[in-house]
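Here the numbering used here is used: the first residue of the sequence shown is 12, the next is one more, and so on. All C-beta atoms in this analysis are idealised placements derived from N, C-alpha and C, irrespective of residue type, glycine included. Keep in mind it's a predicted model, so treat the numbers as computed, not measured.
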Amino acid sequence: MKSQPQLPRLAVGLAVGALVFATGVTLARQWLPDWQADRLAPQAVFVQRFQEMAQAAGMRLDPGAPHVAFARPDKDLDLDDSVLDGLKPDKAADVGVGLLVDVRHRGRWLDRHDRPRELIVHFSASGHPLLLQLGTTQEMVTSAMRREAAPAPESQARLARLLLRPGESLGPPRPGGIKGATAGSTYPVQGSRTAQQIVSTSLPGGTLLLLRQLVEPAGQRANETADIIAQAVLAALPLVAGCGTALVLFFVLLGRRRISLVAGAWLGTILFVAGAVAALRGDPTWAGLLKIVGALFVAFWAFLVWSVGESYLRSAQPGLTVGLDALRTGRLGPRGGRALVWGLAAGAALAGLRLAAEAVAARLPNAWPRGGSLRLPVFDVQTPLHDGVILAGGVALAMGLAWRFVPARWGGAVAALAAGLAIPFASLHPAPFQAVVGVAAAAVLVFLIQRVGLAAGLAAALCTFLLQAAAFCALYAAWLPVSLAVTAGTPALLLVLGFVGLSRSGEPEIEQLKQPAFMKRIEEERRLKYEMDLLARMQVGLLPKSDPEIAGWDIAARSLLATEAGGDLYDFIEDDEGHLWIAAGDVAGHGYSCSIAQAMTVAALSSLVAASQTPAGVLQRVDRVLRRNTHRHFTTLALLRLDLRTGTGRLANAGHPYAMLSAEGQVSEIPLAGLPLGQGPKRQYADTALEIPPGAALVFSSDGLFEATDTRGISYGYDRPREVLQGLAGKSAQEILEGLLADWRLYRGSVEQEDDTTVVVVKRVG
């Protein structure tokens, strides 16, 4: 079997990943408050305490058992992480850090006649109540419309005492509720181990919210404001830059039809279904229906990031996406199997790294994990699957951009740095610590994608968050059985599929594998660009390697190529009698056939020029040569035979722009009509005699000079170059050439050169 040599290395990789993951779980069990499973009371304890609190509050609960589930940390608890820094896990859990248990059930006040409301209590893991809420968001809206009254202040004080613990009492109330709300009161908790207070706030419609909060030392928040702002900016800037880059590139690639949406659409659909089902399962009301909008947005963002990242990486390094294409088309083989297994191994290592970083942050002074180590519930509008897709897509995008704009040897490092800063791998304080951990994780993914492919990167990113969630759910299996099945079952399925792929033949996996349509267009564009570059090099190769150096004469020539291979040409040929033949021409059009006509013209001139010939006769014979070309092009050609001793010569012209003679401070054209070569009826050409006096210069230019336009679309024309040449009288041939082209560029401004431009200057030294 071909995959057998891979098995030992895969086994070692899985073992290393499992070891790193086990280390991270061990550190989390020791130092993270929400991983202290042995301190979590049984569900029956929370139900009993909830019923006792309802009875003490004067409520009669509806028949049935209360709903018990884990809850995310409540922002209204106002837990400042800097105050919690350094607390041991058990003390931190007592004030609301880590796990919270949400218990809720409907009931009715015994001393009131209003309709039933939902009673919600949040407990710490050890069973201490931290939050009491009377009425859900939906009930708050309904009650507000009915203008139902809130409980009296005496009732609120009675409810506040339900949040006290043995040995504690309420201090005198102060006006003001949560975050300075006027409709409420704040009660100091006397006898608490850490300074705390209970805040009671009346919400619209008679809804009531009471919670325990830490009391910060006076002036602490004001002293830390500047540091908080600096940390937020440091963490937010790369994230905002990354999100903006992904969004802009999505629409740019979409407009240029250089993006593949198939894989992103599949992933987005899976994420939307997972988020929508979880949201409705947790809250089957109209509020849950509203969460579907959030699930749709989250799925669309993942679709956008993945599509951009995959497409950009595919265009930069097509070989890295072959395994992904095989998986997407159902052609699972050794390549895809190896990607899945290596992805699982790397995902385990990254999950261990993430847990270890969060645990170390919880242990070190002046560092802490933000918002807990896991988002609860595990499956809601956002899921571990969403986090994995965003991470893998962002790393792929960073790699594609780095390979395009950065030298190859620095591409991987730059991609890891950019992705690590822009994608929050773990939410940690301080920001530099978070950046170091993020860059390390991104470096692992970049290395993995470079060696194994994008499919391995996606599997690793998914398993990073799934395995961490699976380990957490395993600690609380009785609470999270469905989440445990999904988070543990998905990596197990990937592992099984990986070994199934390794056991198969590799030929069907890549046989007739189709690339996305946009990649075919890109490859065709690259092929055409490569061939055009070859044509441009061939065109330059047909031109003289250097300008002639002749006593008594100063000659300079230059041909500026446009964006595509054109047909401008010039040549200098000396015959047996010492005459210098000067040719300047232009083949109409661009591309292959144009270059063929150019090569034929140069070859014909080299073979036909002789002392016994006249320029008109040579043009006549060159015309016959070009007519034998299947792809005929109009070819303009001016040909001068110059007597170097006397400065006299004979000139023939086949449709080329008139040459300009600069002599005695005046510039004049040499009008000489003639049809271009190569097409139309056979034609005759005539010679005209001319003389280049000492100090005079003869200038040949192609139509690219005269027809160039400025930003207003007005051509450079013929009058302006004559004025420029008049001002350059007395200059050397090279200075005349440079001065004319400099003025031409100045006139064009920001307008790109659309046609080849050639200038030949022949000056007789005075």
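Nearest to Ile-566 by alpha-carbon distance, out of Leu-385, Lys-742, Gly-138 and Gly-253, is Lys-742.
Of Asn-664, Leu-459, Ser-712 and Val-108, the smallest CA-CA separation from Arg-223 is found for Val-108.
The bridge partners DSSP lists for Lys-774 are Asp-565 and Ala-708.
Our two residues, Arg-694 and Ala-608, have alpha carbons roughly 19 Å apart in a direct line.
Taking a cut-off of 8 Å on C-beta distances, the segment 70-81 touches the segment 485-499, as three or more cross pairs fall below it. If you ignore the 5 residues before and after Asp-558, its C-beta comes within less than 7 Å of the C-beta of Ile-566, Ala-567 and Ala-568, all in its own chain and listed in chain order. For Leu-43, the three-state secondary structure derived from DSSP is coil. Look at the beta carbons and you see the segment 282-300 not touching the segment 318-334: under three pairs across the two are nearer than 8 Å.
Ile-584 places its beta carbon less than 8 Å from that of Ser-617. Relative to the Cα of Ile-131, the nearest Cα in the group Ala-287, His-397 and Val-112 belongs to Val-112. No Cβ-Cβ contact shorter than 8 Å links Thr-625 with Leu-637. Here the segment 422-438 makes no contact with the segment 334-354; the two share fewer than three CB pairs at distances below 8 Å.
Take the alpha-carbon of Gln-207 and the one of Leu-72: they are about 30 Å apart. Between Asp-730 and Gly-552, the alpha-carbon positions lie close to 33 Å from each other. Distances from the alpha-carbon of Leu-662 to those of Pro-682, Val-406 and Ala-413 put Pro-682 closest. Proximity of the segment 50-68 to the segment 27-41 falls short of the contact definition, fewer than three beta-carbon pairs being nearer than 8 Å. Between Ala-503 and Phe-32 the beta-carbon gap is near 14 Å, outside 8 Å, which marks them as no contact. One alpha carbon belongs to Arg-462, the other to Ala-327, and they sit about 15 Å apart. Contact annotation: Val-678 and Thr-722 have beta-carbon atoms that are not nearer than 8 Å. Between Ala-429 and Ala-409, the beta carbon gap of about 4 Å places them in contact (Cβ cut-off 8 Å). Beyond the five residues adjoining it in sequence on each side, Tyr-323 comes within less than 6 Å, by CB distance, of Leu-408 and Gly-411 in the same chain, given in chain order.
The residue from Leu-709, Ala-287 and Ala-357 with its alpha-carbon nearest to that of Ala-454 is Ala-357.
For a cut-off of 8 Å, the C-beta gap from Ala-313 to Ile-303 is around 15 Å, too long to register as a contact.
DSSP places Arg-269 in the coil class of the three-state scheme, outside both helix and strand. Between the beta-carbon of Ala-252 and that of Ala-413 there is about 15 Å, and that puts the pair past the 8 Å contact cut.
Remark: C-beta atoms of Leu-291 and Gly-299 approach each other more closely than 8 Å. The residues Phe-717, in chain order, have a CB closer than 7 Å to that of Gly-728 in the same chain once the five nearest residues on each side in sequence are set aside.
Within the same chain, Leu-343, Gly-344, Pro-345 and Gly-348 come within 8 Å of Arg-515 by CB-CB distance, once the 5 residues on both sides are set aside. Here Trp-379 really is in contact with Ala-372; their C-beta atoms are around 5 Å apart, less than 8 Å.
Taking 8 Å as the cut-off, the Cβ atoms of Gly-279 and Ala-257 do not count as close. For Trp-490, no alpha helix (DSSP H) segment is defined, and its DSSP state is neither H nor E. Residue burial is scored here from C-beta neighbours: Asp-49 has fewer than 16 other C-beta atoms within 10 angstroms and is therefore classed as exposed. With a 10 Å radius around the Cβ and a threshold of 16 neighbouring Cβ atoms, Glu-518 comes out exposed.
Trp-277 has its alpha-carbon roughly 18 Å from the corresponding atom of Ala-471.
Around the beta carbon of Ser-623, a 10 Å sphere encloses fewer than 16 other beta carbons of the protein chains shown; the residue is thus reported as exposed.
Annotated three-state conformation of Glu-165 is helix, per DSSP.
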